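When the letters of the sequence shown are read in order and numbered with numbering that gives the first Met the number 0, they come out as residues 0 to 338. Beta carbons are placed, not taken as given, at the ideal position from N, Cα and C, and that holds for glycine. All figures in this text were calculated on a predicted structure; none of them were measured in a lab.
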Amino acid sequence: MKKKFLSAISLAIILASCSRNSTKDEFGIFHDLDEAISAAEKSDKKILLVFTKLDSGGFNETLVNQVLHAQDYQEKLGAEFETCQIDFSKEDFSSEENSGDANSSQKKSAKKTKTQIERDMRTTVIYGVETPPTVMILSPQGYVISSITYLSCINATEFCNIIEVEREKINAMEKLVSTVESASGLEKISAIDMLYENTHTNYRYQLRELCDEVIRLDKKNESGLVGKYLLARAATEAMDCYLERKPEKAAECYTKYVSSQFLSVEQKQQCYYAAAYITGNERPSVEVSERILSYLNSLVELDSQTPFAKQAQILAERQREILKRQKTVEAQKNEEAQQ
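Set out below in structure tokens:
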């Protein structure tokens with residue numbers, strides 16, 4: 000998970016762009032996802048979300064110039080989709096702001112651009128984009144209902160053909176979203192769970208409000224699903240910590256739910272396991288190793304016979320060896336410092 004997250008962050012930083020529009024452009028395309036979602040919810044259209052890097056040329060350039068900007072693109076797809084293109088072509092967006100002789104208007108423009116880039120970076124991360132061009136079809140609410148493997152197209156007709164290959168999946172996911180929207184009570188919880196299970200794990204962050212709704216609707220855990228969605232909430236909260244550049248707080252997003260009466264023993268062990276894994280991504284130190292061991296030991300104490308516990312015991316033994324070496328090195332450094 001971390002590797003994918005970091006690769007997406009790195010991509011977004013490297014591909015920073017300063018050409019951003021806050022409304023539809025001359026081709027009828029949005030360049031801000033929040034605005035596209037707002038428009039889609041009003042028009043009841045799906046969203047065709049396209050990530051590009053135009054300065055790479057190739058497929059990116061072809062997709063934009065020969066498809067999205069084609070005269071017949073809106074005629075073929077405009078009735079079904081709101082289109083949103085997020086481009087990450089490399090430009091020095093901060094040049095005006097950092098220039099010693101920049102006027103107030105230039106600084107204001109640069110600040111606005113920087114804010115938009117940060118919004119686009121967040122979008123890139125939560126939608127798991129690694130290599131543009133990337134094409135996704137979203138529900139009006141922003142849920143991913145299809146991620147399309149883009150093939151080079153020479154016109155809008157060929158692009159439509161690619162979408163049609165996904166039509167069966169699109170229709171099935173649309174039906175699930177529609178069921179969630181129309182259901183209530185325990186039926187809605189069941190509908191949310193069906194949508195959640197049919198959504199790829201990489202795209203479940205977008206369902207965070209629905210996960211919270213399960214918890215809100217089922218205060219007595221009549222569905223037996225509250226524990227599952229507390230874990231889902233923990234995952235989204237941990238992602239938020241990374242997005243807010245507070246990775247040191249991510250492990251706590253899991254451990255704080257261990258005391259919940261709605262989590263089974265195995266689910267509580269999952270929380271400790273996730274906390275240990277996340278902490279293991281921090282810079283190695285004695286303190287970090289001790290925290291990892293604490294999480295693993297707490298996991299085993301819940302029930303030493305589960306698969307999670309057996310795996311944790313193996314990891315704990317390795318971590319104790321690491322901690323022993325770390326303490327030896329630290330002691331040597333302290334001894335040298337005193338000489």
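Can you tell me whether residue i is helix, strand or coil according to DSSP?
i, result
"Val-49", "strand"
"Val-257", "coil"
"Asp-86", "strand"
"Leu-194", "helix"
"Thr-305", "coil"
"Ser-145", "strand"
"Val-128", "coil"
"Ile-12", "In this predicted model, Ile-12 has a pLDDT of only 39, less than 50, meaning its place in the structure is not dependable; the value taken from the coordinates is given anyway. Helix at Ile-12."
"Glu-117", "helix"
"Glu-320", "helix"
"Gln-325", "helix"
"Glu-25", "coil"
"Ile-136", "strand"
"Glu-300", "helix"
"Glu-335", "helix"
"Glu-281", "coil"
"Glu-81", "strand"
For residue i versus residue j, is the C-beta distance shorter than 8 Å?
i, j, result
"Pro-131", "Phe-87", "yes"
"Val-176", "Ser-138", "yes"
"Ala-233", "Cys-270", "yes"
"Ile-36", "Gln-140", "yes"
"Ala-275", "Ile-291", "yes"
"Leu-194", "Leu-229", "no"
"Ala-231", "Tyr-253", "no"
Excluding the 5 residues preceding and the 5 following residue i in the sequence, name in chain order all residues of the same chain whose CB lies nearer than 6 Å to its CB.
i, result
"Ala-311", "Leu-295, Leu-298, Val-299"
"Gly-27", "Gln-73"
"Asn-20", "Residue confidence for Asn-20 is low, a pLDDT of 44 falling below 50, so the modelled location carries little weight and cannot support an answer."
"Ile-191", "Val-179, Leu-209, Val-213"
"Ala-354", "Limits of the chain in this structure are 0 at one end and 338 at the other, which puts residue 354 out of reach."
"Cys-152", "Val-66, Phe-158"
With a CB to CB cut of under 8 Å and the five nearest residues on each side skipped, what residues in its chain are close to residue i?
i, result
"Tyr-202", "Tyr-126, Gly-127, Tyr-142, Val-143, Ser-146"
Original post:
Can at least three beta-carbon pairs, one atom from the segment 109-128 and one from the segment 61-80, be found at a separation below 8 Å?
Top reply: no
Subject >> Any 3 or more C-beta pairs closer than 8 Å across the segment 206-218 and the segment 162-172 >> reply: no
**OP:** Pair every Cβ in the segment 239-250 with every Cβ in the segment 210-219, then say whether three or more of these pairs are closer than 8 Å.
**Re:** no
Subject >> Within the segment 160-227, ranges of the alpha helix (DSSP H) (whole runs, at least 4 residues) >> reply: 166-181, 184-196, 207-216
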